[in-house]
Amino acid sequence: MIRYEVPIFLVQNEARDYVLARPSLSQSTAIDEWMKSKYLAWIEDHIGEPTDFVTNTERMYFDISFDDDAFADAFLKKMGGKVH
0 MIRYEVPIFL
10 VQNEARDYVL
20 ARPSLSQSTA
30 IDEWMKSKYL
40 AWIEDHIGEP
50 TDFVTNTERM
60 YFDISFDDDA
70 FADAFLKKMG
80 GKVH
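Residues in the sequence shown are numbered from 0 upward in steps of one, following numbering that gives the first Met the number 0.
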């Protein structure tokens, strides 16, 4: 499993704007949706399908796992993160 912490400038700008534009959603739901639309979609298109993608909306990170080690290596090279 790889943990990726969302850069603070994205939280302060993009995530905040996403939450404010969706007043009918809770902050947690909106941030989860934002992480999935921003990161998960890109990962699936450019690296491969993960076996697991779990967001933590309080601490602003997600954990991701791949069955294929080549996908995990590609993620680490392109995005960074820490292996857990």
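Even glycine gets a Cβ: it sits at the ideal position worked out from N, Cα and C.
- In this structure, the alpha-carbon of Arg-2 lies about 11 angstroms from that of Arg-58.
- Following the DSSP letters along the chain, one finds Ser-27 inside the alpha helix (DSSP H) bounded by residues 26-34.
- Note that the region 38-53 does not touch the region 12-22; fewer than 3 beta-carbon pairs, one per stretch, sit closer than 8 angstroms.
- Beta-bridge partners of Ile-1 (DSSP): Ile-63, Val-82.
- Following the DSSP letters along the chain, one finds Val-18 in no beta strand (DSSP E) but inside the alpha helix (DSSP H) bounded by residues 15-19.
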